[in-house]
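26 is the number of the first residue of the sequence shown in the numbering used here; add one for each residue after it.
Cβ coordinates follow ideal geometry from the N, Cα and C atoms, glycine included.
Since the structure is predicted, the reported quantities are computational estimates derived from the model, not experimental observations.
In what follows, a structure is listed as structure tokens, so that the remarks can point back to it.
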Amino acid sequence: MRQTIFATIFATIFAASLICLAAASRLIPHPENFTPIAALALFGGVYLDKKYSMIVPLVALFVSDYFIGFYSGMYWVYGAFLLVGLLGWWLKKHRGFGNTLLVTLLGSFGFFFITNFGVWLESGMYTHDLAGLAQCYGMAIPFLRGTIGGDLIYVALLFGVYAVAEYVFPAKYFIPTN
């Protein structure tokens, strides 16, 4: 009983810490789109209990958006991160370096295509034809570099730190994921 209570408290503090760190990282100066939110969504899908796996990255995003400012089309961004969390659910059953790298890149490109499709569709900045869509994606390529770089680095950091923690601390400190 005491072990279960400790594990629950540990998991709650761990999740809250991830939320605070991810939200704070969006508030300090950083290269465009170089944030840990997608990495947190992927990590949550793999390691957090299913009921929290989608909530943790979205709360981090919402908290930082509260301070940065809410914006039109933000549901495209939130939806893209939910997709990354779903990729994490798949990765949970297919762990490995290659699959983690593949899913990280799928998440980066998925975020790029989903959010920029939303910009094309709703912003009025581009004509609503294939040329306008191509222009929108072309103009967004500089942001893709930050997305991929941030996702790769933060996934390596989160998954690496967690692997070390699992190695160093006994299994009783970790909540089994469903």
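Query: Cβ neighbour criterion (16 or more within 10 Å) applied to His176; Result: Correcting the residue identity first, residue 176 is Asp in this sequence and not His. So Asp176 ends up on the buried side.
Query: Ile53 and Pro82 closer than 8 Å at C-beta; Result: no
Query: Coil, strand or helix - Thr60 by DSSP; Result: coil
Query: Limits of the alpha helix (DSSP H) - the one that Arg170 falls within; Result: 155-193
Query: Sequence-distant residues of the same chain with beta carbon closer than 6 Å to Gly171, five excluded per side; Result: Pro56, Glu57, Asn58, Phe59
Query: Span separating the alpha-carbon of Ile173 from that of Tyr72; Result: 21 Å
Query: The alpha helix (DSSP H) enclosing Asp90, as first and last residue numbers; Result: 80-93
Query: Nearest-angstrom Cα separation, counted from Phe137 out to Ile166; Result: 9 Å
Query: Beta carbon of Phe106 nearer than 8 Å to that of Ala66; Result: yes
Query: Distance, Leu126 Cα to Ala47 Cα; Result: 20 Å
Query: Backbone CA spacing between Leu155 and Gly98 [nearest angstrom]; Result: 20 Å
Query: Test item: CB-CB of Gly70 and Leu111 under 8 Å; Result: yes
Query: Nearest to Ser78 (by Cα), restricted to the options Lys117, Trp101, Phe95, Tyr96; Result: Lys117
Query: Where the alpha helix (DSSP H) through Thr129 begins and ends; Result: 122-147
Query: Host alpha helix (DSSP H) of Tyr18 (start-end); Result: A question about residue 18 goes unanswered here, because the residues of the chain that appear run from 26 up to 203.
Query: Cα-Cα separation, Ala85 to His153; Result: 33 Å
Query: Same chain only: Cβ atoms within 8 Å of Gly104, ignoring 5 sequence neighbours per side; Result: Ile139
Query: Span separating the alpha-carbon of Val102 from that of Phe95; Result: 11 Å
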